[in-house]
Structure formats: C-alpha cells, structure tokens
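Working notes, beginning with the structure itself.
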C-alpha cells in the first residue's frame, strides 16, 4: 500500500525544568512573538498557524506535552507539494524562541500569563498513542534454503532499509514526505525529471512500521507458496518486473502522490499465482482452496485500496502484469528441461517491460513538476513583493512609498508567471488553487496601487478601497487554508 501526505516534521524536547502551567505560558508567548495565530491551547496541546504573507508557505504547528517530554510537529497546509525543509525550520524557530522566552521570563510573569490564558482554554482532548507490539514470527521465513532464497533476501532488504531509515531520523510510525523522498519513494515530479530509479527503490521504502509488517507478512505468505514453484530466478525477475509496472502505473494515475511500498510487486506475485491456479501447474487438489484464499486477499485489498491515500493504481498494475507474466511462464514450467525456452521467456519479458517503461516515461507529461517549479519561483517573487509589510515600525512615508512602488511590478510579475501555467494539465485541486492564486495576486496589485496613490497624495480617500481588497485577500487565504 502506498500513501500520499502533506509535508511535515516533528521533534521531541525536554520540559522537565518547568511546570505544566509555565510550559503553557511559554508556548503561548512564543506563538505571540513569532506572530503565529493560536487556534487552540490547553495544558495538553497547543495548535498554531503560521503565515509567510501569502498561502504558499503556511503551516500548522502542534505542541503536545506528555509528562516531562514535549513534542512539536509542523505540517504544511498551504500550496506546496513538498516543503524543502521549511517545516523543519519552523520547528527549529519555535525551539530557539522557546529557550529564549523561558530564560527571559520570571515565574511571576509566567503565572500571570497562564492566568490570562485560562478563559481561552479549549476542552481537554484525549490523545491516544497506539504502539504496535509484534511477536516473533517463524524464523524459517528468514532463513534461505533450497528453493527458497529470494523471499528471505527480500524480507531482509526491506527490513534493513526500514531500520536504516529509522536510524537516519525518518519516523517509525508516520514518516514525513521529505524522509520518504530522500530514501527513494516514487513521486511523479521527481521520477519524470530523470530520477527513474525511484520506480525500483520505492519498492523497498515503507511508510511506517505497520505498512512494513503488513507487506512483509503478505510477501512471506505468497513467497513460501510461489518461489518453490517458479524457482529463484523466475521468481526474482518477476518480482522486479511487476514492481516496475506497478510503479509506472502509479506514475500514470497519480500526479502528486508520494508512493512507496512493496505491495505493487506483492500484488504481482499474487497475480502470477492466480494465473498458475487456472492451469495444471498447481496440483488439482490444492487449487480450489488456494484460489479462494488468493481471491479473498486480492479482493479485500483492492476494495480497501479505494480509501483515500492508498495507491490502488500500483496494486492493479502489479496484479495485471503478474497475471500476464504468470501465463507466460506456463510453457517453461511444463518444459523445465528446456533452458533455451525458459531463458528466452525471461529475456523477452524483461525487454517488453523495459521498452514499455521507457516509452511511458518519455511520453508522460510532468506538468505537476513544472507547476511546482513555478510555485517555488512564485514564492520568491511574492516574498519580495511583500517586503513593505516587513519594514520596521515608524518607517517614513517616503520609505513606505519606495517599498510599495517596488512591489507593484513584482505583483505584475507574479500574475504573468501564473498565467504562463494556465495550459498545464494539473489536478483539479491545483486548478482551483491556481485560479484563487491569480485572484489573490490581482487583489494584492490593486491594493498596492491604492496604497501608492494614498501615500503620494497623503490622503485617506483610498482607505475604504484598500480595506475592501484586504478583506477579499483574507477571504481567499482562509478558503485556501481550509482546503
């Protein structure tokens, strides 16, 4: 199973040198000084939102306290598909400011701050942390033996990769998108930008320990049945070929899903076994019960794969390619002594999958990748255009006018950049955001023109128009934040 998710980052930090009341007061003051909007606060949790002036780099920051250990998590809520480390920077900014505020505040100040927060407290929320405890399975599935070599090897590789990911700091239960991408997850904007190897590496990257355990259980089950029938060579090549087809299918179907996991290849193995169950390769007495078991597994997981966030395209691609490969193996399995036939089938399958994969990658459009690159450029220009809002208090009208006049061409540049992307084939949710983004820039430009006239003429006559523009801007930002 493969999942999509918004970018996020989290860290734990000690809170054993302050009381719960002091901790809450410090967190509230940190949010105030960082100019983050506090949505919810109580002794168990604080939820805050940051904004960079537009909605391209907005984040939700959650701080929770469990005895003497606190956790801070930053989650992207804006227009970005991946955050390039911005969530980590938000967390680091909080932690630095937390130490600063804590050191500068007296117990009396923190007590007063806490008392002032009491009316704002939300009702207590129950925070449940689920931990998976797994018993040791049969050690035999991890031990290579005659007729059973590839499956233990795949189990070892997948588990080793997961351990290395965890050691490197990738979350064990809910890894963030950045960590998955760093370890080779499949992601259309990256894969189609020359990183084709992600189609293979993504098969060994898992999205949390539960994801890994489910896939390894399914792999061990089908492997013990299928590998002895196919032999290690056919089995290993089939695993890789169905993994490639599953990855290509996922790329074709999904524009902005980060896909990872062995399930595409595992579905491929189940597809091969289903094909063999319709022939006399499998003993007749075993076919009915095995067919029922296979169909229940495949049917259940395909239905479950219809849930949001699961990459069912990879499942279907792996299953269909597995069925086709399974039937192609039948002649060779019936004539085991014909090495020429068996080698020819394997080479032909590899060539067909290679040609189809290269053709698919070359012909697939990477419009989301193009759009994301444009959004990165847009964010830079937008930041420059909003410099007037970052000027120190007490700036002269001349300085403000200079900043406003510098911002006007920047907003025009933003609008032009956005219109250059109008004909891209991007998902509906991005099309909607794109339209609102253009409207946002046009309102910003209009407001800046009014501000420019107000400053030049030293008049308040434009104030109602400026306020109207700002109200519409806030409405758009609110809509996009809610999405």
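In the working numbering, the protein residues as written are 5 to 487. Ideal placement from N, C-alpha and C gives every residue a C-beta, glycine not left out. Remember, predicted model here, so these are calculated numbers, not experimental data.
Nearest-angstrom Cα separation, counted from residue j out to residue i
{"i": "residue 75", "j": "residue 34", "result": "15 Å"}
{"i": "residue 464", "j": "residue 40", "result": "30 Å"}
{"i": "residue 351", "j": "residue 306", "result": "30 Å"}
{"i": "residue 353", "j": "residue 360", "result": "11 Å"}
{"i": "residue 398", "j": "residue 180", "result": "42 Å"}
{"i": "residue 390", "j": "residue 438", "result": "19 Å"}
{"i": "residue 12", "j": "residue 481", "result": "20 Å"}
{"i": "residue 183", "j": "residue 167", "result": "13 Å"}
{"i": "residue 261", "j": "residue 73", "result": "33 Å"}
{"i": "residue 36", "j": "residue 459", "result": "30 Å"}
{"i": "residue 227", "j": "residue 328", "result": "18 Å"}
{"i": "residue 382", "j": "residue 418", "result": "6 Å"}
{"i": "residue 310", "j": "residue 316", "result": "7 Å"}
{"i": "residue 420", "j": "residue 204", "result": "39 Å"}
{"i": "residue 122", "j": "residue 112", "result": "16 Å"}
{"i": "residue 71", "j": "residue 26", "result": "13 Å"}
{"i": "residue 344", "j": "residue 286", "result": "23 Å"}
{"i": "residue 274", "j": "residue 234", "result": "13 Å"}
{"i": "residue 217", "j": "residue 118", "result": "44 Å"}
{"i": "residue 485", "j": "residue 66", "result": "16 Å"}
{"i": "residue 153", "j": "residue 248", "result": "21 Å"}
{"i": "residue 392", "j": "residue 402", "result": "12 Å"}
{"i": "residue 431", "j": "residue 371", "result": "10 Å"}
{"i": "residue 135", "j": "residue 186", "result": "Only weak support exists for where residue 135 lies, its pLDDT of 28 falling under 50; the value from the coordinates is given anyway. Rounded to the nearest angstrom, the two C-alpha atoms are 25 Å apart."}
{"i": "residue 299", "j": "residue 194", "result": "35 Å"}
{"i": "residue 427", "j": "residue 272", "result": "36 Å"}
{"i": "residue 479", "j": "residue 436", "result": "15 Å"}
{"i": "residue 423", "j": "residue 47", "result": "47 Å"}
{"i": "residue 291", "j": "residue 283", "result": "9 Å"}
Residues that residue i bridges to, as DSSP identifies them
{"i": "residue 18", "result": "73"}
{"i": "residue 189", "result": "DSSP output for residue 189 lists no bridge partner at all."}
{"i": "residue 41", "result": "53"}
{"i": "residue 79", "result": "12 and 64"}
{"i": "residue 152", "result": "149"}
Nearest candidate by alpha-carbon position, reference residue i, set the options
{"i": "residue 162", "options": "452, 31, 221 and 390", "result": "221"}
{"i": "residue 269", "options": "245, 286, 262 and 393", "result": "245"}
{"i": "residue 365", "options": "65, 115 and 200", "result": "200"}
{"i": "residue 80", "options": "64, 73 and 125", "result": "64"}
{"i": "residue 192", "options": "383, 373 and 445", "result": "373"}
{"i": "residue 302", "options": "336, 291 and 319", "result": "319"}
{"i": "residue 337", "options": "362, 277 and 375", "result": "277"}
{"i": "residue 196", "options": "256, 171, 50 and 176", "result": "256"}
{"i": "residue 411", "options": "49, 400, 100 and 445", "result": "445"}
{"i": "residue 45", "options": "170, 449 and 124", "result": "124"}
{"i": "residue 434", "options": "242, 207 and 378", "result": "378"}
{"i": "residue 388", "options": "395, 414 and 363", "result": "414"}
{"i": "residue 175", "options": "190, 145 and 213", "result": "213"}
Simplified DSSP assignment, three categories, for residue i
{"i": "residue 399", "result": "coil"}
{"i": "residue 12", "result": "strand"}
{"i": "residue 167", "result": "helix"}
{"i": "residue 260", "result": "coil"}
{"i": "residue 438", "result": "helix"}
{"i": "residue 454", "result": "helix"}
{"i": "residue 319", "result": "helix"}
{"i": "residue 373", "result": "helix"}
{"i": "residue 246", "result": "helix"}
{"i": "residue 177", "result": "coil"}
{"i": "residue 341", "result": "coil"}
{"i": "residue 310", "result": "coil"}
{"i": "residue 368", "result": "coil"}
{"i": "residue 346", "result": "helix"}
{"i": "residue 47", "result": "coil"}
{"i": "residue 172", "result": "coil"}
{"i": "residue 325", "result": "helix"}
{"i": "residue 215", "result": "helix"}
{"i": "residue 236", "result": "helix"}
{"i": "residue 485", "result": "helix"}
{"i": "residue 160", "result": "helix"}
{"i": "residue 425", "result": "coil"}
{"i": "residue 279", "result": "helix"}
{"i": "residue 199", "result": "coil"}
{"i": "residue 89", "result": "coil"}
{"i": "residue 413", "result": "helix"}
{"i": "residue 462", "result": "coil"}
{"i": "residue 431", "result": "coil"}
Whole-Å CB distance - residue i paired with residue j, under 8 Å assumed
{"i": "residue 266", "j": "residue 323", "result": "14 Å between Cβ atoms; not a contact."}
{"i": "residue 32", "j": "residue 23", "result": "Not a contact, Cβ separation roughly 14 Å."}
{"i": "residue 250", "j": "residue 211", "result": "Wrong, their Cβ atoms sit about 15 Å apart, outside the cutoff."}
{"i": "residue 19", "j": "residue 69", "result": "6 Å"}
{"i": "residue 54", "j": "residue 94", "result": "6 Å"}
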